[in-house]
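Encoded as structure tokens, the structure appears first; notes follow it.
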Amino acid sequence: ETGVTQTPRHLVMGMTNKKSLKCEQHLGHNAMYWYKQSAKKPLELMFVYSLEERVENNSVPSRFSPECPNSSHLFLHLHTLQPEDSALYLCASSHTHRDYYEQYFGPGTRLTVT
Amino acid sequence: GQSLEQPSEVTAVEGAIVQINCTYQTSGFYGLSWYQQHDGGAPTFLSYNALDGLEETGRFSSFLSRSDSYGYLLLQELQMKDSASYFCAVRAEAGNMLTFGGGTRLMVKP
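Read top to bottom, the protein sequences are chains A and B. The opening position of the first sequence corresponds to residue -18 in the working numbering, with each subsequent residue numbered one higher. The opening position of the second sequence corresponds to residue 109 in the working numbering, with each subsequent residue numbered one higher.
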């Protein structure tokens, strides 16, 4: 295991539901990331946090809302999603924001929006 | 804008050597990272090249040529467990974060 855990591992939700994805890293890192991985598409960066402050928001729809209460935990709150949001959502961390090139990933949450 | 090109699929036999290429177009290049991802698994960091040349780590090596905007991942003595997707990644234009290539699916056959 890589030291980054994600829950739940699988999630099926309707378009009107509200759910949250959780990520926890046990590596003592200061930067955390959310990615979306869809079939046949490159990993897409969604959000970056450094020391609990959001560094980058890559033009992500507002139906995705991140939260970073401390440097070990990262959440992605989901609301009124669309079927095209079905994907694997990966969390990652790095030692610091400057060590972005070496990231440690969690196993992901496989999200299906019905 | 940025772009990374890598082959979508590569097939090789057990015990062989395989090279996965990555060409990139980006402004402000800082280095090239490589990640491995098994089906259903998390991407795992393999290597990072900031300078030209070959970096060796066990059976895996990574090469970078900044003048050619090109790098490759070399896997030697292939094993069945090496069957996975391999992604190259560069620093994004926006700052200290990664832009990933589309990935190369490596299939190792007996």
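Beta carbons are placed, not taken as given, at the ideal position from N, Cα and C, and that holds for glycine.
List, in order along the chain, the chain A residues whose C-beta lies closer than 8 Å to that of residue i?
| i | result |
| --- | --- |
| residue 150 of chain B | -17, -15, 71, 86, 87, 88 and 89 |
Which residues in chain A have a C-beta closer than 9 Å to the C-beta of residue i? List them in chain order.
| i | result |
| --- | --- |
| residue 192 of chain B | Neighbours of residue 192 of chain B on chain A: none; closest Cβ ~13 Å, over 9 Å. |
| residue 195 of chain B | 23 and 24 |
So which residues of chain B does residue i contact, with C-beta pairs closer than 7 Å?
| i | result |
| --- | --- |
| residue 79 of chain A | 204 |
| residue 29 of chain A | 205 |
Under a three-way DSSP split, which group does residue i fall into?
| i | result |
| --- | --- |
| residue 35 of chain A | strand |
| residue 213 of chain B | strand |
| residue 23 of chain A | coil |
| residue 78 of chain A | helix |
| residue 65 of chain A | helix |
| residue 41 of chain A | coil |
| residue 115 of chain B | coil |
| residue 133 of chain B | strand |
| residue 11 of chain A | coil |
| residue -3 of chain A | coil |
Would residue i pass as a contact of residue j if the rule is Cβ separation under 8 Å?
| i | j | result |
| --- | --- | --- |
| residue 54 of chain A | residue 46 of chain A | no |
| residue 23 of chain A | residue 137 of chain B | no |
| residue 74 of chain A | residue -7 of chain A | no |
| residue 183 of chain B | residue 157 of chain B | no |
| residue 170 of chain B | residue 186 of chain B | no |
| residue 191 of chain B | residue 133 of chain B | no |
| residue 88 of chain A | residue -13 of chain A | yes |
Along chain A, which residues have their Cβ under 7 Å away from the Cβ of residue i?
| i | result |
| --- | --- |
| residue 208 of chain B | 23 and 24 |
Is any heavy atom of the ligand SAM found at a distance shorter than 7 Å from the C-beta of residue i?
| i | result |
| --- | --- |
| residue -4 of chain A | Among the ligands in the structure shown, none appear at all, so the ligand SAM cannot be discussed. |
Listing by chain order, which chain B residues have their CB less than 8 Å from the CB of residue i?
| i | result |
| --- | --- |
| residue 83 of chain A | 141, 153 and 156 |
| residue 37 of chain A | 202, 203 and 205 |
Length-filtered (3 minimum) beta strand (DSSP E) runs lying within the segment 144 to 208 of chain B
The segment 144 to 208 of chain B contains these whole beta strand (DSSP E) runs: 152 to 157, 161 to 165, 168 to 173, 178 to 183, 192 to 199 and 206 to 208.
Would you check if the segment 59 to 69 of chain A and the segment 120 to 137 of chain B touch, i.e. whether three or more CB-CB distances between them fall below 8 Å?
Contact fails: fewer than three Cβ-Cβ distances are below 8 Å.
Under 8 Å, with one C-beta from each stretch per pair, do the segment 109 to 119 of chain B and the segment -8 to 12 of chain A reach the 3-pair mark?
Segments in contact, no.
Is there contact here, the segment 25 to 34 of chain A with the segment 200 to 216 of chain B, by at least three beta-carbon pairs under 8 Å?
Flag = yes, the segment 25 to 34 of chain A and the segment 200 to 216 of chain B touch.
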